[in-house]
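Position 43 of the sequence shown, counting from 1, maps to 43 under our numbering, and the rest follow consecutively. Report on the structure given below.
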Amino acid sequence: MVLFGVLPQVASRFVGFATYQLDSNLRNSTMVGIVGAGGIGSVLFAAFLRYEYNFVFTILFTVIAIIVVGELVVNAVRKALNV
1 MVLFGVLPQV
11 ASRFVGFATY
21 QLDSNLRNST
31 MVGIVGAGGI
41 GSVLFAAFLR
51 YEYNFVFTIL
61 FTVIAIIVVG
71 ELVVNAVRKA
81 LNV
């Protein structure tokens, strides 16, 4: 009953919410790190202060690539679920 009755009704909302949370968590972790909580943001900020712009570009490119790959995966899941 849950598999065929409830799941089709909530699948699109669940995928949308999961997509939003994934994207939001990645971006927020970068910003929180910049203000001192550690993680990729603190590495990015430290490299920026040391004028290591090649490393800054690499970090930014990696974060953007992860976001794009995440979007591609979510789009594939949406197509698979016919949402």
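Think of the CB as a built atom: it goes at the ideal place given N, C-alpha and C, for glycine as much as any other residue.
According to DSSP, is residue i helix, strand or coil?
{"i": "residue 51", "result": "coil"}
{"i": "residue 75", "result": "helix"}
{"i": "residue 38", "result": "coil"}
Out of curiosity, what's the CA-to-CA distance linking residue i and residue j?
{"i": "residue 41", "j": "residue 27", "result": "10 Å"}
{"i": "residue 63", "j": "residue 4", "result": "37 Å"}
{"i": "residue 20", "j": "residue 60", "result": "20 Å"}
{"i": "residue 52", "j": "residue 23", "result": "27 Å"}
What are the boundary residues of the alpha helix (DSSP H) that includes residue i?
{"i": "residue 32", "result": "7-32"}
In chain order, what residues of the same chain lie with their CB nearer than 8 Å to the CB of residue i, ignoring the 5 residues before and after it?
{"i": "residue 30", "result": "39, 40, 41, 44 and 63"}
{"i": "residue 15", "result": "74, 77, 78, 81 and 83"}
{"i": "residue 66", "result": "26"}
{"i": "residue 18", "result": "74"}
Check whether the region 17-35 touches the region 44-59, counting contact only when three or more Cβ pairs, one atom from each stretch, lie closer than 8 Å.
-> As far as the Cβ criterion goes, the region 17-35 touches the region 44-59, which means the pair count is three or higher.
Could you say if the region 5-12 and the region 63-74 meet the contact criterion of at least three C-beta pairs nearer than 8 Å?
-> With the cut-off at 8 Å, the region 5-12 and the region 63-74 do not touch.
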